[in-house]
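Notes for the one structure printed next.
2 protein chains.
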Amino acid sequence: MNAPTTELSPIEDRTLRAQVRRQILDRVLGGHFKPGERLVETALSSQLRVSRAPLREALRELVDQGILVSEPYKGFRVRPVSERDLKELFSMRTALEKFAFALAWPLRTPQGFAELDKRHDDLMSIRATGDQAKAIECEIAFHAWVYETTDHRLLMDHWARLSHLVRIYMSLHHNLHGSHGEFGEMTTRYRDLCNGGSLDAMLLHIDEHMTQGFDSVVKALK
Amino acid sequence: MNAPTTELSPIEDRTLRAQVRRQILDRVLGGHFKPGERLVETALSSQLRVSRAPLREALRELVDQGILVSEPYKGFRVRPVSERDLKELFSMRTALEKFAFALAWPLRTPQGFAELDKRHDDLMSIRATGDQAKAIECEIAFHAWVYETTDHRLLMDHWARLSHLVRIYMSLHHNLHGSHGEFGEMTTRYRDLCNGGSLDAMLLHIDEHMTQGFDSVVKALK
DNA sequence: TGCGATTTGTCCGTATGTATT
DNA sequence: TAATACATACGGACAAATCGC
Numbered sequence: 072m073n074a075p076t077t078e079l080s081p082i083e084d085r086t087l088r089a090q091v092r093r094q095i096l097d098r099v100l101g102g103h104f105k106p107g108e109r110l111v112e113t114a115l116s117s118q119l120r121v122s123r124a125p126l127r128e129a130l131r132e133l134v135d136q137g138i139l140v141s142e143p144y145k146g147f148r149v150r151p152v153s154e155r156d157l158k159e160l161f162s163m164r165t166a167l168e169k170f171a172f173a174l175a176w177p178l179r180t181p182q183g184f185a186e187l188d189k190r191h192d193d194l195m196s197i198r199a200t201g202d203q204a205k206a207i208e209c210e211i212a213f214h215a216w217v218y219e220t221t222d223h224r225l226l227m228d229h230w231a232r233l234s235h236l237v238r239i240y241m242s243l244h245h246n247l248h249g250s251h252g253e254f255g256e257m258t259t260r261y262r263d264l265c266n267g268g269s270l271d272a273m274l275l276h277i278d279e280h281m282t283q284g285f286d287s288v289v290k291a292l293k
Numbered sequence: 072m073n074a075p076t077t078e079l080s081p082i083e084d085r086t087l088r089a090q091v092r093r094q095i096l097d098r099v100l101g102g103h104f105k106p107g108e109r110l111v112e113t114a115l116s117s118q119l120r121v122s123r124a125p126l127r128e129a130l131r132e133l134v135d136q137g138i139l140v141s142e143p144y145k146g147f148r149v150r151p152v153s154e155r156d157l158k159e160l161f162s163m164r165t166a167l168e169k170f171a172f173a174l175a176w177p178l179r180t181p182q183g184f185a186e187l188d189k190r191h192d193d194l195m196s197i198r199a200t201g202d203q204a205k206a207i208e209c210e211i212a213f214h215a216w217v218y219e220t221t222d223h224r225l226l227m228d229h230w231a232r233l234s235h236l237v238r239i240y241m242s243l244h245h246n247l248h249g250s251h252g253e254f255g256e257m258t259t260r261y262r263d264l265c266n267g268g269s270l271d272a273m274l275l276h277i278d279e280h281m282t283q284g285f286d287s288v289v290k291a292l293k
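Sequences listed follow chains A and B, in order. So in this note's numbering, spot 97 of the first sequence is number 168, and the numbers just go up one at a time. So in this note's numbering, spot 82 of the second sequence is number 153, and the numbers just go up one at a time.
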């Protein structure tokens with residue numbers, strides 16, 4: 072019954088809460104709500120034409136996804152970003168993704184490779200169009216491949232949490248610095264190594280990939 | 072201004088929502104709410120003498136902690152447990168804890184060792200008393216040491232999520248099988264290796280430690 | 001320091017949509 | 001298919017805490 076999707080296809084958010092959550096997330100990733108900015112419930116409530124109950128629940132879910140932060144009686148704010156946070160995000164991604172590859176390596180299949188190829192091509196072509204929001208989703212989907220291959224639900228949960236932060240930084244990077252299509256070869260090399268015979272080479276490449284990504288974002292933020 | 076506490080000392084939950092969350096968590100860990108059991112909002116609302124708004128927010132937070140699951144229009148249930156979930160939990164813990172030790176290794180200090188000793192002794196003495204709830208918290212605190220030593224907030228967040236699931240399985244293990252004081256030597260060896268000179272020996276021990284823990288819980292569940 | 005305005009936290013009654021039997 | 005139980009959502013109200021002057 073469930074499509075084998077990641078959370079890419081909303082299809083339809085059944086509850087108002089889910090719709091609100093998506094709208095706020097879009098505003099954050101789109102740069103309308105900037106890091107550190109205060110979100111006032113009554114204002115949001117009237118803007119989005121929803122009552123405070125589902126709004127507050129949506130906000131709490133975004134807190135648990137790491138998009139927002141909250142303190143009792145002080146309300147919600149967009150998560151502030153720092154170089155330290157970014158550093159932690161990349162080191163965490165590196166550790167999780169290495170773990171994922173170690174698990175996924177013997178589980179790779181021809182169908183899996185075909186799917187990875189598809190996501191690779193989608194990513195490359197959407198990058199060319201300059202549609203930032205879609206490019207981010209494609210980038211996430213591309214990297215999600217290895218996690219899905221592990222068939223490890225808990226690991227996928229933790230990746231999902233990380234991916235939200237990745238989205239924030241990618242959108243920030245783009246909003247500040249413009250597109251970053253300069254990683255084309257890196258992406259293709261990543262795909263080829265996934266399809267190759269050496270796990271060690273793959274793990275080594277992840278370190279490089281992450282380090283380069285980190286440097287690039289840091290440079291853009293400064 | 073903040074005390075250097077983990078989440079061990081509630082001190083006082085300022086919001087009703089936080090108090091409700093704790094009460095429900097206690098009921099789950101205490102075995103009053105069993106895995107898979109349905110939680111009806113109106114019933115809980117009147118039992119706990121709170122309105123449904125903060126109750127629902129508390130329930131959502133527990134969902135995000137992995138304690139409960141929910142589906143639109145079908146309500147909340149205590150997270151069902153399976154051998155697969157347990158296996159994933161232990162493999163995830165192994166991966167994260169190895170990563171934590173690699174980071175923490177050069178950051179260890181004499182004060183840190185003193186703190187670890189304290190937690191070790193607390194754990195051993197509380198195990199002797201048979202107070203299950205406190206023993207679980209001490210066990211969690213003992214293992215939290217390495218994560219705190221890393222000074223890596225994002226990693227600590229992910230450990231916090233895992234720790235909630237660990238609590239569930241430990242309480243389940245106890246409720247079904249009785250206390251498990253048979254791990255005394257293992258715990259002491261873990262502490263000694265933390266204090267020792269070989270990171271590799273530590274990492275190897277983590278594998279053994281987790282494998283034994285997994286086998287023990289699986290045996291109790293069957 | 002205090003005081004008023006703003007905002008969050010909580011409660012209640014009601015109405016509607018969904019799942020289940 | 002109908003009936004019931006329940007989750008979802010609304011709007012108004014007030015208390016409690018924070019914020020700004």
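Just so it is clear, CB atoms sit at the ideal spot from N, CA and C, and this is done for glycine as well.
Not one beta carbon of chain A lies nearer than 8 Å to the beta carbon of ARG262/B. Bridge partners of SER141/A according to DSSP: PHE147/A. Around the beta-carbon of GLU112/A, fewer than 16 other beta-carbon atoms lie within 10 Å, marking it exposed.
Residues ARG92, ILE95, LEU96, LEU139 of the same chain have their beta carbon placed closer than 7 Å to that of LEU133/A, with the five preceding and five following residues left out of the count. Under the three-pair Cβ rule at 8 Å, the segment 153–170 of chain B does not count as touching the segment 149–160 of chain A.
By the neighbour-count criterion, in which a residue is buried when 16 or more other Cβ atoms sit within 10 angstroms of its Cβ, GLN203/B is buried.
Bridge partners of ARG109/A according to DSSP: ARG148/A.
Cβ proximity to chain B below 9 Å picks out HIS223, ARG224, LEU225, LEU226, ASP228, HIS229 from the segment 218–229 of chain A.
Excluding residues up to 5 positions away in sequence, ARG262 lie with their Cβ nearer than 6 Å to the Cβ of HIS191/A in the same chain. DSSP places ASN266/B outside both helix and strand once states are collapsed to three, so it counts as coil. If you ignore the 5 residues before and after SER242/A, its C-beta comes within less than 6 Å of the C-beta of LEU100, all in its own chain and listed in chain order.
In the three-state reduction of the DSSP assignment, GLY102/A falls in the coil class. At the C-beta level, ALA173/A and LEU270/A come within 8 Å of one another. With a contact defined as Cβ atoms closer than 8 Å, THR165/A and ASP278/A qualify at about 6 Å. Less than 8 Å separates the beta-carbon of GLU128/B from that of ARG131/A. Taking C-beta atoms under 8 Å as the contact rule, PHE170/B and ASN266/B fail to qualify, at a distance of about 20 Å.
At a cut-off of 8 Å between beta-carbon atoms, ALA166/A makes contact with chain B.
The beta-carbon of THR86/A is placed less than 8 Å from the nearest beta-carbon of chain B. At a C-beta separation below 7 Å, ARG127/B has these neighbours in chain A: GLU128. Taking 8 Å as the cut-off, the beta carbon of THR220/B is found no closer than this to the beta carbon of ALA272/B.
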